[in-house]
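Worksheet for the structure shown next.
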Amino acid sequence: HRDLKCENIFINGASGDLRIGDLGLSTVHTNGKVLSVLGTPEFMAPDLYEEASYDEKVDIYAFGMCLLEIFTKEIPYRECSNVAQVYKKVMNGDLPNSLDRLKSDTAREFIQLCLGHKDATGKYIRPSARELLAHPFLDKGPDDENEVELF
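Note that the UniProt record's numbering numbers the sequence shown so that position 34 is 34, with each residue one more than the last.
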């Protein structure tokens, strides 16, 4: 998608189904890598800026930022007054201040997993969507026993 953000996620009020919209920046690729820099700065993974090419896991990063916005009710990097400050924080590996306001350690861990980290070679590592679906944060037990207080 390359511009995943809360504004581009639509919920059907009757069924609760989610749909991703605004596919104007999305692309279809067959070799697993894309070469252009597009998106909304607060939701853009650092590899979009830094690497010569990137893969679909930049959307996993954006998904983590969407969750952070939903849970805290504020856009990530709200503490920044301009795009240059957002860019600097992202490239320095500084996480949004709002992440510290989450009360749920499980939610914070899940979001940080989505945001990923650099390995020893400098490559950004994030789980796949399939791997995230197996995470305990997304497990729903009987009677919402896994419900957590987020903020």
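All C-beta atoms in this analysis are idealised placements derived from N, C-alpha and C, irrespective of residue type, glycine included.
In this structure, proline 76 places its C-beta atom within 8 Å of the C-beta atom of serine 98. In the structure shown, lysine 89 falls within a helical segment according to DSSP collapsed to helix, strand and coil. For cysteine 114, the uninterrupted alpha helix (DSSP H) run begins and ends at 105-115, by DSSP.
Burial state of threonine 40 is buried, judged by a 10 Å Cβ sphere holding 16 or more other Cβ atoms.
No Cβ-Cβ contact shorter than 8 Å links glycine 16 with tyrosine 61.
Cα atoms of glutamate 74 and lysine 5: separation of roughly 12 Å, rounded to the nearest angstrom.
Asparagine 12 has its alpha-carbon roughly 33 Å from the corresponding atom of serine 81.
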